[in-house]
Each structure stands twice: as C-alpha cells, then as structure tokens.
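Asker:
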Amino acid sequence: MVYLDYNATTPLAPEVIDVITESLREAWGNPSSSHELGCKAKEVISLARTQVANMIGANISDIIFTSGGTEGNNWILQMAVKYYHETFKIECIGDTNNKTSRPHFITSNIEHDSIKLVLDHFQSEGIADVTFVPVRTTTGAVDVQDILAAIRPSTIMITVMLANNETGVLQPVSDICHQVKSLKRNIGETKRILLHTDAAQAIGKVSVNVEDLGVDYLTVVGHKFYAPRIGAIFAKNPGQTSPIYPLLFGGGQERNFRPGTENTPMIAGLGKAAQLVFDNVGMYHSHMLEIRNYLELKLIENFQDSVCFNGKFQCSERLPNTCNVSFIGSKSIKGHEILSNVPSLQASVGAACHAQNRPSSILLAIGVPEAVAWSALRISVGRETRKEDIDSVIQDLVVFFNQRKSLVQGH
C-alpha cells in the first residue's frame, strides 16, 4: 500500500507526536489556572503561538487557535458581515433615507466548501450578495482584473484560496491584495475591503508569508502539514487593523475572541509542526517536487497519450506535490473504479469531502471536459514518498490497465 493522498490529510510527524505526548503528561493543567501546572500549560500554548506566527511571518498577537479550517473560514466570513453592518450604521447616522444594503463578497468558483457553502447560504438567506469569479481555463487561476472588475461600493471582503486542493494551482493572492489596495488609494476610497485567503493546502509545501501576501486574514489547517486536526486564524492586529468578533461566548480564552478551555496538547502539536515547516519548507518543497515530477514522467513513459494532466498550465505555478491526472485511453472508466481495482494506490478522485457520483466541479471549472474529469485521480505526494513508492504504484496501474484491455478485447 502506498499512501498518495497527502492533500486530504497527513500523518503526524514523529516530532509532533513526541510533543503531544509530553504535553499530555506534563502540561495537563488548565491554562487559566495560576498554579504551576496551569502556568506550564500556558507556557506551552505561548510557545506554540510563537511557532505558528513565525511560520507565516506574523506577530504573536495575530494568531488565534481554532478547531480547524472549517471553523476558521466560517468565523472570518461571519465577521465580515458583522463588520459591514457596524460600519454601515456609522456611515448612515442621521440619514433617514438610507436603508441597509447587503454586504458583497467576491470569491473564486474553485473554493473549498467551507467557503463556498457559507457564501451560498448567505446568498440564499439574503444575508449577502456574492460574486463567484470564474477561473481562467488557460491558467486554472482567477485573473486579478476579473476580481477588480467585480468590486462594488458594497464589497466587504475578497476571499481567494492560496492553492487549489485538487489541481494544486497557486492563486494570485498577493497580486489581488496589492492591486486592491492600490486601486483604493488611487481613487481616494477609505472604505475597507477585507482580504482573506485559505492557506490550507499551501502551508508546508510553499513559503507562506502574510506580509508578502498583504492579507488581513489567513486560515491555518493543521492536518495538512503533519499537525493534529486543529487550526488557527491569522488576523492582522485583531480588533484594530482587522475587525474581529467572537463566534462563541464563555471564558476569556484567546483574549475573549475564541473562548473555551484550550486543547493544550493539540496546540503544542500544531506549534511543533509549524516549527518544522519554518525550519524545513525549502527542503520539503524540493523533495516533493522531485517525486511529483518523477511520478508524471513515469506516467507518460508507461501510458503515453493515454494520460493527460489537469491543471498543468505553462503559465501557472502548482504545488510541488500535486498531480491531477486523467486516464483517457480507457473508455468509460471512472477515477473511483481505478482506485477500487488498484487498492495499493491510496489516492482520491478529488476533495475528500466530495461524493463520487459526479465529476469534480473544480476540474469542470478549469475547462476539463466532463468525460476526462470522470477519469481523473488526484495524486499528492508527501515528505516521505520515495521513487520506489512511485515505481510500485505505476507497476500496479500498468497491470490493471493491461488486464482491463484484455477483457475488453475478449468481448
């Protein structure tokens, strides 16, 4: 069995397991308690916050721990709605003729469901208006000018993922942020447009720096970079530069922004994983790129014109570990059928949270024909993937397709 589904989730790094275990044994006190055990737990959390901040080039005070990416994305979108209505009220004081309008969001049409479905809900409930900007079929990415053209007076947030989870295509988040700010400066507009990116797939594979990106908010998802299944959000100077409102109410944890007794061991694990990324991301990138390129080379050598790569555009960058490939030489085969018949290949047909009864909407959005999208596999390599693993998988795929060809010819 060869695990090649690292975009779905990653195992815990051994160093992360060690830190979690140590925290379970030594730092199990309530971090809000003033005694020694409580102080020890608080120190563990403080260190982890520093490690996460360092990983993305943020200030320590900008990091707020969450249960994971879905909570983080939902929270940030809901904060934008509240901020819109609060600022609108301030602008409209004394204007009795001005009726409350709806906030407007801009996003891409290839976002994770924890963005897409929230915005769909906002639209259906009349909470907000949303523009889903299509990606260009020549790049697999949104075009910055298309984003700028979608801006309205009521636009409150632009949210675009940093890297797509199925194709690996990097999105022009930095260009979007800097051009939005430049546009607003040039026209003398003072009303804020909040800028967010979901960096779930990018962290641990490419360098991620919030200052370079120019975002107000960023979502961190632990289980994508060998950390436990918790997460964090980055909010630039929260409560001052970037508005923030609590999603929950309770204790004073996380400066009242995200109350609830902290999950100290998992936060410790997230911090250690962040430190590993900070120290080694260049090495991780180089290794995964070498293995991914080797995988694609072997697919071409063995299947030639019977395979095509989805999202491999000449003018777009991809994550170093991601290969989305369709087997087009075998009539009417679907990706999940390949996986069922080649159990040694532990991969996926797309996002782990999507059903198998329809082709990937992401692939369709980037212009992949439906028949080709049906036969697609998302293969994502990891830090420990070896060329020998790739050779083993390729051999099993060759055996399967040869057997299938013989059966078809026999009929």
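To convert, count from 1 in the sequence shown and add 437; that's the working numbering.
All C-beta atoms in this analysis are idealised placements derived from N, C-alpha and C, irrespective of residue type, glycine included.
Because the structure is a prediction, the values reported are computed rather than measured.
1. In chain order, which beta strand (DSSP E) runs of at least 3 residues are fully inside the segment 665-753?
2. Does the beta-carbon of phenylalanine 686 have 16 or more other beta-carbons within 10 angstroms, so that it is buried, or is it exposed?
3. Identify, in the order they occur along the chain, each residue of the same chain with its Cβ nearer than 7 Å to the Cβ of leucine 801, setting aside the five sequence neighbours on each side.
4. Three or more C-beta pairs closer than 8 Å, one from the segment 705-719 and one from the segment 550-557: is that the case here?
5. Is it buried or exposed, methionine 516, if we count other Cβ atoms within 10 angstroms and call 16 or more buried?
6. Apart from the five residues just before and just after leucine 726, which ones in its own chain have a Cβ nearer than 6 Å to its Cβ?
7. Answer with buried or exposed for glutamine 608, where buried requires no fewer than 16 other C-beta atoms within 10 angstroms of its C-beta.
8. Count the other C-beta atoms from every protein chain shown that fall within 10 angstroms of the C-beta of glycine 688, then say buried if there are 16 or more, exposed otherwise.
9. Use the C-beta contact count for glutamine 488: other C-beta atoms within 10 angstroms, 16 or more gives buried, fewer gives exposed.
10. Within the chosen definition, does the segment 460-474 reach the segment 622-630 through at least 3 CB pairs nearer than 8 Å?
11. Out of Met438, Glu738, Gln690, Arg666, state which residue places its alpha-carbon closest to the alpha-carbon of leucine 707.
12. Please confirm whether arginine 755 and valine 606 have their CB atoms less than 8 Å apart.
13. Can you give me the start and stop residues for the beta strand (DSSP E) that arginine 815 sits inside?
14. Assuming the contact rule is C-beta atoms closer than 8 Å, cysteine 752 and arginine 729 should be a hit. Round their C-beta distance to whole Å, please.
15. Is the beta carbon of isoleucine 513 less than 8 Å from the beta carbon of threonine 656?
16. If you reduce the DSSP assignment to three classes, tell me which class threonine 507 lands in.
17. Could you spell out where the alpha helix (DSSP H) holding leucine 554 opens and where it closes?
Answerer: Taking the definition as stated:
1. 668-672, 744-746
2. exposed
3. Glu807, Ala810
4. no
5. buried
6. Pro757
7. buried
8. exposed
9. buried
10. no
11. Arg666
12. yes
13. 813-817
14. In fact, because the Cβ distance is near 19 Å, the residues do not count as touching under 8 Å.
15. yes
16. helix
17. 550-561
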